[in-house]
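Taking it in order: structure first as C-alpha cells, then the write-up.
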Amino acid sequence: MKRTVVIGILGATLDQGREPRRWDRWRPTVGLCQQDDLVVSRFELLHPLSHMKLARQVVADIAAVSPETEVRLHAMDEADPWDFEEVWENLYRFARAYPFDTDAEDYLVHITTGTHVAQICLFLLTEARYFPARLVQTGPARRGEAGSPTGAYAIIDLDLSRYDRIAARFREEADAGVSFLKAGIDTRNVAFNRLIERIETVAVASRAPILLTGPTGAGKTLLARRIYELKRARRQVAGRFVDVNCATLRGDGVMAALFGHTRGAFTGAVSERLGLLRAADGGVLFLDEIGELGLEEQAMLLRAIESRTFLPVGSEREVTSDFQLLAGTNRDLRQAVRAGRFREDLLARIDLWTFRLPALADRIEDLAPNLEYELDRLSRDLGRRVSFSREALDAFLAFATGPEGLWPANFRELGAAVTRMATLAPGGRITLDLAHEETARLRAAWSEAPDRPAADAALEALLGADRYAQLDRFDRVQLADVVAVCRAASSLSAAGRVLFAQSRTQRTTTNDADRLRKYLARFGLSFADLSTAQRSTVDA
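Below you can see the structure in the form of C-alpha cells.
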C-alpha cells in the first residue's frame, strides 16, 4: 500500500492547546492524525519561525496520539500572512523543491489551517498540480457526537468528473452548448454530432483562431454566429460579431475596409473609418472565404492576430483590437500556399483548430430535421404557420433523400426550396402538387442544361459558386475561353500570343504576357492557378 503524506500549515490559533484541558479541544492538525480510518505516515508541517514553540508542541502531541506518524517541520520565510504574492511565492518554492514520489506515496493538502490567503494559494497550487495531491478539510464534530476533540475530515478530489452531480451538471451544460450550436436541430449524423461537440469544447475553452472549412452552403456563417452567441452567453466576449465575405472585397478598398483609414488617406477618404477589425474589438471577427484576401492583406492580418496591433491606411500610429478570429473557406488553403496565393505563416496561425463541415449529401439523414427547422424559421418570418401535408412531406423527402437528391448548394439550396414552397402554399399548407412542382424544378436545375457549355461549368468550379454568380454573362463567356486557352498553353506568353494574335500585328511593341496577366488579375486569377487546376484535373 502507498503511504499517506499530509502537507499542511500550522494553525497559529486553531492548533493552540493550553493545559489543563488541551485534549478536550479540537485542534485541526492533531485531530487529522487521530482519525480511525486514516493512517498518516508523514506530516509535512509548514510554520513561520516565530511559531517554533507551538510547532514543537504539536509534534509532541501527534507523537502521543499517532506514534506511526513522522512529523517534519519546515520553517518558512517570515511574510505578511495576508500578502497574496508573498504567501504564494513561499508555497510555490516549497512545492517546486519537494521530492514527490507519487508511485509510493499519496498526498493530501490540508486546507483548514492558515489564513484565507494561504488556503487559497494551497488550493490553486494543488489545482495546477504543483502539489500532485487531493485536498483534505477537517472540522470539529457536530455538537453531541462522541470524539469531538478528534473532529471529522473530508477528502476533496479536484477531478470533478468523479462527482456524479457535478459531472451531470457539466454534461448538461455541454449538451446545451452543443444543441445551441446546432440551432436546436436534432441532427442524427454521428460524425457531425461528434464534430459539433468538439467545436463546443474548443469554443468555450479557447480564444485561438478557428478555421471552418467545407463547401459553399454547408453552414459556416451560421455556425460562426452561433459560436459567437455561445461565447457571449458564457460572458467570454462582450463585443460585436462582425462578419464579412472576403470574396466581396475588391481593389484598393480592401485594406481600408479591414484595417480602417485616416481622413485624407486617399482620394475620397473624407472622414476617418474604423474598419472591421476595430469594429470587432472585444468580440468575434468572422472572415468568410479568407483565401480570397491578397497577400498584402494577409500579412497585415497575421500581425493583427499575433500582436493585436495594426496600422490603418494613411496612419503612422498603431491601433489595437482584441478580437477572436473565426475564418471560413471552401478552398484548399494548403494548395493555395503551394501556388503562392496564401501565406504559409498565416495558415499556420489559423490552422490550430480546423473543422470541416460536411456537405448535405454527406449527412443526408439530417435533411428531415433541417427541413423542420426551415419550416419553423419561415413560419416566424411569414407570420403564419407553414406545414406539409403528409403526402407532400413523404413525396418531398423521398426525392430529397434518394438517389436524385444531389444538393450541390447544400443547406442554402434546401432553404431556398422550402422558401419557394412555403411562399406559394395556400393557407400555409404545402400540398402534394407544390412538392411535385419543386422537385421537378430541382431535378431540372441539377441536370446538365443542354445550352450550357462544359467550359461554363468548369469556370464555376474554378471560381466558386459565389464569385461565378457575380459575373455578367458577357464576362463568363469571355473568361471561359481565356481559361481554356491558358490551360492548353505551355506558358503565359504562349497563351497571350494565341489570344491577342490579331491585335498584336497592329502594334509596334508587344507584351502579351503582361496584358493577359492583368486581365486574369481582374478575376482574382493567375496563370499558375489555371495550370495547377489543369494538372489537378488531369491527375483526377
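So in this note's numbering, spot 370 of the sequence shown is number 358, and the numbers just go up one at a time.
Note that CB positions come from ideal geometry on N, CA and C, so glycine has one too.
For the alpha helix (DSSP H) assignment, the uninterrupted runs of no fewer than 4 residues enclosed by the region 83 to 125 are, from N- to C-terminal side, 104 to 115. Residue range 378 to 388 is occupied by the alpha helix (DSSP H) that includes residue 382.
In this structure, the beta-carbon distance from residue 242 to residue 264 does not fall below 8 Å.
Taking 8 Å as the cut-off, the beta carbon of residue 110 is found closer than this to the beta carbon of residue 97. Under the three-state reduction of DSSP output, residue 189 falls in the helix class. Residue 279 and residue 397 have their C-alpha atoms some 19 Å from each other.
Here residue 341 is bridged, per DSSP, to 198. The Cβ-Cβ distance between residue 300 and residue 248 falls below 8 Å. Sequence-distant partners of residue 356 (beyond 5 residues in either direction) whose C-beta falls short of 7 Å from its own C-beta, in its chain, are 385.
DSSP places residue 414 in the helix class (H, G or I) of the three-state scheme. A contact is defined here as three or more CB-CB pairs under 8 Å, and the region 195 to 202 fails this definition with respect to the region 373 to 383.
Two segments are said to touch when three or more pairs of C-beta atoms, one from each, lie closer than 8 Å; by this definition the region 409 to 418 touches the region 363 to 372.
Spanning the alpha carbons of residue 316 and residue 455 requires a straight line of approximately 15 Å. A distance below 7 Å between beta-carbons, with the five flanking residues on each side excluded, links residue 99 to the following residues of its chain, in chain order: 107, 110, 111, 123 and 125. By alpha-carbon distance to residue 30, the top candidate from 351, 93 and 3 is 93. For the options 484, 490 and 361, the alpha carbon positioned closest to that of residue 499 is the one of 484. Contact between residue 187 and residue 169 holds, with the beta-carbon distance rounding to 6 Å and staying under 8 Å. Scanning 481, 101, 395 and 331 for the CA closest to the CA of residue 354 turns up 395.
According to the DSSP assignment, residue 27 belongs to no beta strand (DSSP E), since it is labelled neither H nor E.
Judged by beta-carbon spacing, residue 20 lies within the 8 Å limit of residue -6, meaning their Cβ atoms are closer than that value.
Residue pairing by DSSP puts residue 141 in a beta bridge opposite 126. With a threshold of 16 other beta carbon atoms within 10 Å, residue 418 meets it and is buried. Contact between the region 214 to 226 and the region 324 to 333 is absent: fewer than 3 CB-CB pairs across the two stretches fall below 8 Å. Fewer than three beta-carbon pairs drawn from the region 288 to 295 and the region 471 to 484 are found closer than 8 Å, and the two stretches are therefore not classed as touching. Under a 10 Å Cβ-count criterion, residue 143 is classified as exposed, with fewer than 16 other Cβ atoms of the shown protein chains found around its own Cβ. DSSP lists 32 and 97 as the bridge partner or partners of residue -5. For residue 39, there is no enclosing alpha helix (DSSP H), as DSSP gives it neither H nor E. Its Cα nearest to that of residue 238, the residue 277 stands out among 10, 266, 192 and 277. A straight-line Cα-Cα distance of about 12 Å links residue 116 and residue 84. Short of 7 Å from the beta carbon of residue 184, and not among the five residues preceding or following it, lie these beta carbons of its own chain, in chain order: 166, 169 and 170. Counting C-beta atoms within 10 angstroms of its own C-beta, residue 391 has fewer than 16 neighbours from the protein chains shown and is therefore classed as exposed. In this structure, the alpha-carbon of residue 306 lies about 12 Å from that of residue 266.
Residue 314 places its beta carbon 8 Å or farther from that of residue 457.
Boundaries of the alpha helix (DSSP H) around residue 358: 355 to 370.
Annotation: residue 69 to residue 101 spans about 12 Å, alpha carbon to alpha carbon.
Restricting attention to beta strand (DSSP E) runs no shorter than 3 residues, the region 305 to 333 encloses them at 312 to 317, ordered along the chain.
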